[in-house]
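Visitor: Just remember that this note's numbering sits 98 ahead of the position in the sequence shown, which is counted from 1. Yeah, the Cβ is synthetic: ideal placement off N, Cα and C, and Gly gets one too.
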Amino acid sequence: MITFPLIEAKNLAQLNECRLSDDQYLELLPGIFADLNYCITPTLRAYAHQSITHEGDILSARSALWIHTGIAPVTLVRGPRTVRLDSKYRNTGPRRRIQSHNILKLGNVFVTDCDRTAVDLLLEDLESGIGYLPSLLRAGARYERMLDCLERIRSVAGKKRVQAVLSQLPSDIFSYNRPNHSDTSLMARPAGVHPSSTP
């Protein structure tokens, strides 16, 4: 098992030093920092959360965004955003019903996949979620899987609004942000098939 080297600021001087060196350190909890030199892959970024989460926690939303893309929203400092499939640690994360195919295991850490992460961020804050969408698409999210994931979430505020916005997005956001994009993705396709479904 990997033990990730987190840095805990012991006094105000260390805290200020780490916060001023934000190109080298990332604050995961107030006063707890990860050295970005060790956060170069999604798996290593997931390991950075291991010692500050409980076994069985599933990292989601802003935490999963950082793991998949390396993008660190300012809200990351509030601590890991987690959900659980059970009620063992109610104080760390609410219980959620998440499809098993929307949960990845990176090392010993559970994290929502790119599709569920995109949906969670869109439901949480539609405007910022749209801003993160291209990066999550490059990391592996797909339009049809996002819609399927959204459809399976029951009784959540903003669901219809997110569905409406996704259906209105310009098609090139899904084609141009795919890995290994080529002009062949713009070739004719059957009616009703979204560009992101192109292999």
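Can you give me the C-alpha to C-alpha distance between Gly-227 and Gln-112, rounded to a whole angstrom?
Guide: Distance between the alpha carbons of Gly-227 and Gln-112: 33 angstroms.
Visitor: For Glu-125, which of helix, strand or coil comes out of DSSP?
Guide: Here Glu-125 sits in strand by DSSP.
Visitor: Buried or exposed: where does Glu-125 fall if 16 or more other Cβ atoms within 10 Å of its Cβ makes it buried?
Guide: The residue in question, Glu-125, is buried, as its Cβ has 16 or more Cβ neighbours within 10 Å.
Visitor: For Glu-242, report the span of its beta strand (DSSP E) as first-last.
Guide: Where Glu-242 is concerned, there is no enclosing beta strand (DSSP E), although the alpha helix (DSSP H) it sits in stretches over 241-250.
Visitor: In this structure, what does DSSP give as the bridge partners for Leu-224?
Guide: Per DSSP, none; premise fails for Leu-224.
Visitor: Is it true that the CB of Ala-159 sits closer than 8 angstroms to the CB of Thr-213?
Guide: Checking the displayed sequence, the identity of residue 213 turns out to be Asp instead of Thr. Taking 8 angstroms as the Cβ cut-off, Asp-213 and Ala-159 do not qualify as a contacting pair.
Visitor: I'd like the list of long-range same chain contacts for Thr-167, defined as Cβ closer than 8 angstroms, with 5 residues on each side in sequence excluded.
Guide: Only Tyr-230, Ser-233, Leu-234, Arg-236, Ala-237 meet the Cβ criterion.
Visitor: Take the Cβ of Lys-108 as the centre, count every other Cβ of all protein chains shown within 10 Å, and call the residue buried at 16 or more, exposed below.
Guide: Exposed is the call here.
Visitor: Taking the C-alpha atoms as reference points, what is the distance between Arg-250 and Leu-110?
Guide: Spanning the two alpha carbons is a distance of roughly 46 angstroms.
Visitor: Identify which residue in His-152, Leu-204, Arg-195, Ile-196 has its Cα closest to the Cα of Tyr-145.
Guide: Nearest option by C-alpha distance: Leu-204.
Visitor: In this structure, how does DSSP classify Asp-300 when only helix, strand and coil are distinguished?
Guide: There is simply no residue 300 to check, as the chain begins at 99 and stops at 297 in what is shown.
Visitor: List the endpoints of the continuous beta strand (DSSP E) containing Ala-132.
Guide: From DSSP, the beta strand (DSSP E) with Ala-132 extends over 130-133.
Visitor: Going by C-alpha distance, which of Pro-140, Leu-127, Tyr-136 is nearest Ile-150?
Guide: Cα-wise, what sits closest to Ile-150 is Leu-127.
Visitor: Give the DSSP bridge partners of Leu-104, in chain order.
Guide: Answer by DSSP bridge pairing, in chain order: Ala-132.
Visitor: Would you mind stating whether Val-254 and Leu-224 have Cβ atoms separated by less than 8 angstroms?
Guide: Cβ atoms of Val-254 and Leu-224: not closer than 8 angstroms.
Visitor: Expressed to the nearest angstrom, what Euclidean distance is found between the alpha-carbon atoms of Ala-170 and Asp-133?
Guide: Taking the straight line from one Cα to the other gives about 13 angstroms.
Visitor: Label Asp-184 either buried or exposed according to how many other C-beta atoms from any shown protein chain fall within 10 Å of its C-beta, with 16 as the threshold for buried.
Guide: Exposed, because fewer than 16 other Cβ atoms sit within 10 Å of the Cβ of Asp-184.
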